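J.:
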Amino acid sequence: MTSNILSTNEKETWSQKRISELERANQELRSEILERKQAEKELREEEFRLLQAQEFMEATTKGTDIIIASIDTNFCYIYFNKAYQKEVQRLSGKEIQVGESMIETFANLPEQQKIVIEQWSDALEGNSTERTLAFGDPGLYRKIYEVHRTPIRDAEGKIVGAGEVARNVTEKISTEEALRKSEERYRILNESLRDAFAHTSMNGRIIEFNDLYCKMLGYSPEEILKLTYQELTPERWHAIEDDIVHEQIIPRGYSDVYEKEYRRKDGGIIPVELRTILLKDESGRPNGMWAIIRGISERKKAEEALKKARQNLEDLVKQRTEELEKAYDSLKESERGLAEAQRMAHIGSWDWNLVTNEVYWSDELYRIFGRSPQDPGATYNEMLSLYIHPDDREYVDNSIKKALEGELFSFDSKIISANGEEKAFHAQTEIIYDTNHNPVRMRGIFQDITESKKAEEKLRESEEKYRNIVETANEGIGIIDNEFKLTFVNKKLEDMIGYRAGDMIGKQLWFFLSEEAKHNVNLILERGLQDFENPELKFIRKDGSSFWAQVNAKPIFDNYGKLISIITMLSDINKRKEAEESLAKIEIARKKEIHHRIKNNLQVISSLLDLQGEKFKGRKNIQDSEVLEAFMESQNRVISMALIHEELYKGEGTETLDFSTYIKELAENLFHTYSFSSKSIHLNMDLEKNAFFDMDTAVPLGIIVNELISNSLKHAFNGRDNGEILKLRREEGECKKEDNMDTSFTLTVSDNGVGIPENIDIEDLDSLGIQLITTLADQLDGKLELKRNNGTEFIIRFTVSKKDNRAQIDLK
Numbered sequence: 004m005t006s007n008i009l010s011t012n013e014k015e016t017w018s019q020k021r022i023s024e025l026e027r028a029n030q031e032l033r034s035e036i037l038e039r040k041q042a043e044k045e046l047r048e049e050e051f052r053l054l055q056a057q058e059f060m061e062a063t064t065k066g067t068d069i070i071i072a073s074i075d076t077n078f079c080y081i082y083f084n085k086a087y088q089k090e091v092q093r094l095s096g097k098e099i100q101v102g103e104s105m106i107e108t109f110a111n112l113p114e115q116q117k118i119v120i121e122q123w124s125d126a127l128e129g130n131s132t133e134r135t136l137a138f139g140d141p142g143l144y145r146k147i148y149e150v151h152r153t154p155i156r157d158a159e160g161k162i163v164g165a166g167e168v169a170r171n172v173t174e175k176i177s178t179e180e181a182l183r184k185s186e187e188r189y190r191i192l193n194e195s196l197r198d199a200f201a202h203t204s205m206n207g208r209i210i211e212f213n214d215l216y217c218k219m220l221g222y223s224p225e226e227i228l229k230l231t232y233q234e235l236t237p238e239r240w241h242a243i244e245d246d247i248v249h250e251q252i253i254p255r256g257y258s259d260v261y262e263k264e265y266r267r268k269d270g271g272i273i274p275v276e277l278r279t280i281l282l283k284d285e286s287g288r289p290n291g292m293w294a295i296i297r298g299i300s301e302r303k304k305a306e307e308a309l310k311k312a313r314q315n316l317e318d319l320v321k322q323r324t325e326e327l328e329k330a331y332d333s334l335k336e337s338e339r340g341l342a343e344a345q346r347m348a349h350i351g352s353w354d355w356n357l358v359t360n361e362v363y364w365s366d367e368l369y370r371i372f373g374r375s376p377q378d379p380g381a382t383y384n385e386m387l388s389l390y391i392h393p394d395d396r397e398y399v400d401n402s403i404k405k406a407l408e409g410e411l412f413s414f415d416s417k418i419i420s421a422n423g424e425e426k427a428f429h430a431q432t433e434i435i436y437d438t439n440h441n442p443v444r445m446r447g448i449f450q451d452i453t454e455s456k457k458a459e460e461k462l463r464e465s466e467e468k469y470r471n472i473v474e475t476a477n478e479g480i481g482i483i484d485n486e487f488k489l490t491f492v493n494k495k496l497e498d499m500i501g502y503r504a505g506d507m508i509g510k511q512l513w514f515f516l517s518e519e520a521k522h523n524v525n526l527i528l529e530r531g532l533q534d535f536e537n538p539e540l541k542f543i544r545k546d547g548s549s550f551w552a553q554v555n556a557k558p559i560f561d562n563y564g565k566l567i568s569i570i571t572m573l574s575d576i577n578k579r580k581e582a583e584e585s586l587a588k589i590e591i592a593r594k595k596e597i598h599h600r601i602k603n604n605l606q607v608i609s610s611l612l613d614l615q616g617e618k619f620k621g622r623k624n625i626q627d628s629e630v631l632e633a634f635m636e637s638q639n640r641v642i643s644m645a646l647i648h649e650e651l652y653k654g655e656g657t658e659t660l661d662f663s664t665y666i667k668e669l670a671e672n673l674f675h676t677y678s679f680s681s682k683s684i685h686l687n688m689d690l691e692k693n694a695f696f697d698m699d700t701a702v703p704l705g706i707i708v709n710e711l712i713s714n715s716l717k718h719a720f721n722g723r724d725n726g727e728i729l730k731l732r733r734e735e736g737e738c739k740k741e742d743n744m745d746t747s748f749t750l751t752v753s754d755n756g757v758g759i760p761e762n763i764d765i766e767d768l769d770s771l772g773i774q775l776i777t778t779l780a781d782q783l784d785g786k787l788e789l790k791r792n793n794g795t796e797f798i799i800r801f802t803v804s805k806k807d808n809r810a811q812i813d814l815k
C-alpha cells in the first residue's frame, strides 16, 4: 500500500515553494497597487489642471460676449463656457450638459441643425475655419458672431474633436451701420444746406466747407484750405470774435447768432450772420468749431432802406400830428395801417356778436360788397339774402351752422355786390366761446379772389393752348420719368411709332429703340444728360419696320439736382437719311471710277514701255540690254501701282484694299515677266487673309515687294537650274498708344539662291532698286534688315495706326 502522506522534507520543500509564490504574487500586487495609485494621482492632477484651465477660461471670458465650446468626434459636448450655454439655451430653449449630443440639442431647429453639422464637420475633417454668422430671428433678437473653429488632435496627431471660439460683433456691425448712415445723413445735409458752413480748427485753420462758402468768398477750395477765418475777417472784428469764442463758444459749447464781415478775394466786404458750435474729441477737449454762415447783404440793404423810410415817415408824422396826443395818434395810425394792408391784400374782416347781434365790417369789406361805409354792417340774414350768390346760399348757410356746432371752416364762393358785380371770394371763420363753451362771437375774413380766379382761368386756357400745340406739332413729343418710362406722348409720336398712347405709357424708352440706338443712348447716359447733343437714333415701329429720328431732349431736375423727367422731341429724318445714303453710294461710285481710270492710264504707260522695249530686243550691244532691263523694271513698277488701283476698283469700299490678294497677283505677274520655263523656280507665299491697307501704305509697300522679288528672280538663281523664293508673309502685334491702336507688321521676302556676299554693303550700292527699297522703308517709318544665311532674306518692320484707317485687320 502506497502512503499519501508527505515526508517532513517534502512538506518543507512544498511549503517554501508555496511561500515564495505567495510572496512573489504579493510583490506584484503591491507594485500594481502603487502604479494604480500613481495613475490615479496623475489623473486627479490632470483633472485639477483641466478644472483650473476651465475656471480660468470661464473667469477670463466672464462679462464678455466670447463663447467657447468643444465637441468630440460624435458631436457630443466636451466643454463649453456659460456664455455658450446661455446662447444655445436662447436659440434652442434647452439647457445643455457636457456629454450631450449637439445634434439632439438642435433637433427642433432643422435649419440651424444643418448649419451646425456642416460647419463643425468641416473642423472635424481637419480644417480651421473663420466665418461671420448670424443667430436668432431677424425680427426679434439677432446676434452676429465672428466664429473660429479648429480641430483638436491627440499626442499622435489624431483628430479627437473640435473647438470653437466666437466673438459677438453685433454691436460693432450696428455701430458701423449707424456710422455709415450718420455719414450719409451728413452728406445729404451738406448738399441740401442753403447756407454756407465751415469747419475750423481751434486756431482758425479752415478744414471743411461747402460750395456756398467758396462762392460767398470768391476763393477756390484749394485757396480756402490755406487760410484761417481770421485772415478772411477784417481786423476790426478780430477782438470781438475772439471774445465770442472765449466767453460763449468754449464755456457753453455754442454762440449766439452774431454778425460780422468777411473780406472777399476781390477785396469786397460782405456782411454775414453766423452761429458757431464747439466740437470736442472723445476726451471732451475742444478740437474745432463748426459755423453756419448766411450772407445778409440784401437784408442789410433792406434794413438800411427801411431805416431811412421809417425815419422819413416819423418825420412826416411828427410834422402833421404835433397837436394830437401820442396815444390817439398811435391808435389811428394802426387802424390806417390795417386798412391799407387789407386794401392791398383785398381782405376784409368782420366780427359778429352773437349775443347782441351787432356786426362790425372793415373798410375793405364794405368795398368788396359795394356797400356804403355809412351803412351798418350787414347782418347774417341780410348778407345771405342780398349778397351771397343764389347758387351758393344753401352751401354757405350749412357751413355757418356747422361752424356754430364747433367745426372750423373755410370755403370759396361767389357774391353779387350792391352794384350787381359778381365776385369770387375766399372765407375763413372762427368761433369764440364763453367759459361754458357757448358760442358768443363769430369773426372771420372775406378775401376777394376774383383776379386769382381769372388768372386760374387764363392758366387753364394757356395749358389748353399748350396741349393743342403739342398735339398738333409736326414732331413726336414725349415725356419720360426718371426710370425712363413714358408718361406722356402726343398724337404725332403715336403715328410715328405705330402704338396707341395707352400702349406706350408706362413702357421704357428701350422698348422702341433698335439695338444700335440702345448702345448709343447708353453712351450718352454715361457722359451725362447735360451733354446731350441731339443724336440721330433708329426706332422700331409696332409693325417691325424702322425709322430714323433726331432726338432733342431737355432734362428736368429738382432743386437738389435729382432728375425728375425728360421732355423729348422726335423729328422724322428718314428722307434725309435716304438722301445721305444715296450721296454716299454716288461718292463710292465716283471714287471707284477714278481708280478704274488711273489703273487704265497706268496700263497704257506699261504698254508704251513694253512697245518701246521691243525695239531693243535681240540686240547684242550691252547698253541696249541694260536699256531693255530698265524698261522692264519700270514697266513692273508701273504694273505694281496699277494693280493697287485695280484692287481698289474691285473692292466694295474705296479706302483700303486686300493687300494679300494684291501681293499674290503682283508676284504671279513678276514670275510671268521673268519667264523661268527652263528652271524650276517656285513661289511660296505665307500670307494671312483679309489684311487691308490704304494707299499711303499699299503703294510704297507694293513697290518694295516688286523690287525684292524682281531682284531675287534676276540675280539669286544665276547658274542654277532650280531654286525657291521661300517666304512672303506678314506678321503682326498690337499695342495701344493713347487713343490709337497701332499694329506692328513684319514683311519677309527671302530666297535660297546664291545670296549677297558679306563684303557688299547694300547701302553703298549704286542701284535704283535698292535705293527705292531703303527710301520707301523710311517713308513707312520702317526698319530694313538683311540676313545672308542660306541665301538672302530681307525683313521690313513697320507700324500702322488704326485710328488713321491706314490698316484694317479682320481678326476672324
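4 is the number of the first residue of the sequence shown in our numbering; add one for each residue after it.
Where is the CB? At the ideal position from N, CA and C, for every residue including glycine.
The model shown is predicted, which means the values in this text are computed figures rather than measured ones.
#1: Which first and last residues belong to the alpha helix (DSSP H) in which Ile712 is found?
#2: Could you pull the DSSP bridge partners for Arg266 from this structure?
#3: Mind checking who Pro379 pairs with in its DSSP beta bridge?
#4: Give me the Cα-Cα distance between Thr746 and Ser804, rounded to the nearest whole angstrom.
#5: Which same chain residues, not among the five before or five after Glu285, have their C-beta less than 6 Å away from its C-beta?
#6: On the DSSP bridge list, what partners appear for Leu540?
#7: Near Glu710, what residues of its chain come up, given a Cβ to Cβ distance below 6 Å and the 5 sequence neighbours on each side ignored?
#8: DSSP three-state call for Tyr469: helix, strand or coil?
#9: Taking the runs of the beta strand (DSSP E) that are 3 residues or longer, which of them lie wholly in the region 463 to 513?
#10: Go ahead and pull the three-state DSSP assignment for Leu282.
#11: Which same chain residues, not among the five before or five after Glu238, have their C-beta less than 7 Å away from its C-beta?
#12: Do the region 250 to 260 and the region 159 to 173 touch if we need at least three Cβ pairs shorter than 8 Å?
#13: Buried or exposed: Gly564, going by 16 or more other Cβ atoms within 10 Å of its Cβ?
#14: Determine the direct distance from the alpha carbon of Leu136 to that of Ala110, and round the result to whole angstroms.
#15: Whole angstroms is fine: what's the gap from Asn295's alpha carbon to Ala181's?
#16: Using DSSP with H/G/I as helix, E/B as strand and the rest coil, what is Asn356?
#17: Can you say whether Asp269 is buried or exposed, counting buried as having 16 or more other CB atoms within 10 angstroms of its CB?
#18: So, at 6 Å on beta carbons, what are the nonlocal neighbours of Ile799 in its own chain, with the 5 sequence-adjacent residues on each side left out?
#19: With 16 other CB atoms within 10 Å as the buried threshold, where does Tyr398 fall?
#20: Going by the beta-carbon positions, is the gap between Glu317 and Arg297 smaller than 8 Å?
#21: From Arg39 to Glu26, what does the alpha carbon distance come to, in whole angstroms?
#22: Would the region 434 to 446 count as touching the region 535 to 545 if we require 3 or more Cβ pairs under 8 Å?
#23: Could you spell out the range, first to last residue, of the alpha helix (DSSP H) harbouring Gln116?
#24: Bridge partners of Val823, per DSSP?
#25: Using the Cα positions of Lys755 and Ile712, report the straight-line distance between them to the nearest angstrom.
#26: Answer yes if the region 120 to 130 comes into contact with the region 71 to 79, meaning at least three C-beta pairs across the two stretches below 8 Å, and no otherwise.
#27: According to the neighbour-count rule (16 or more other Cβ atoms, all chains shown, within 10 Å of its Cβ), is Lys1 buried or exposed?
#28: Span of the beta strand (DSSP E) holding His522?
#29: How big is the Cα-Cα spacing for Lys557 and Lys580?
#30: In whole angstroms, what separates the C-alpha of Ser413 from that of Glu226?
#31: Would Glu454 be called buried (16 or more neighbouring beta carbons within 10 Å of its own) or exposed?
#32: Would you please state the rounded distance, in angstroms, between the beta carbons of Thr153 and Gly166? I believe it to be under 8 Å.
#33: Going by alpha carbons, who is nearest to Leu389 out of Leu127, Thr108, Gly423?
#34: Mapping the DSSP letters down to three states, classify Arg93 as helix, strand or coil.
#35: Tell me whether Val101 is buried or exposed, calling it buried when 16 or more other Cβ atoms sit within 10 Å of its Cβ.
#36: For a test of the three-state rule: what should DSSP assign to Ser104, helix, strand or coil?
T.: For this structure:
#1: 698 to 714
#2: Ile272
#3: Its beta-bridge partners do not exist; DSSP assigns none.
#4: 6 Å
#5: none
#6: Ala552
#7: Gly772, Leu775, Ile776
#8: helix
#9: 479 to 484, 489 to 492
#10: strand
#11: none
#12: no
#13: exposed
#14: 19 Å
#15: Asn is not the amino acid found at residue 295; the sequence shown has Ile there. Approximately 25 Å, taken between the alpha carbons.
#16: strand
#17: exposed
#18: Leu750, Ala780, Gly785, Leu787
#19: exposed
#20: no
#21: 20 Å
#22: no
#23: 113 to 127
#24: Beyond the ends of the chain as shown, which are 4 and 815, falls residue 823; an answer cannot be given.
#25: Here residue 755 is Asn; the residue named in the question, Lys, does not match the sequence. Going by the C-alpha atoms only, they are around 12 Å apart.
#26: yes
#27: Here the chain covers residues 4 to 815 and nothing more, so residue 1 does not appear.
#28: First-last for His522: 518 to 530, but that is the alpha helix (DSSP H), not the beta strand (DSSP E).
#29: 24 Å
#30: 56 Å
#31: exposed
#32: 6 Å
#33: Gly423
#34: helix
#35: exposed
#36: strand
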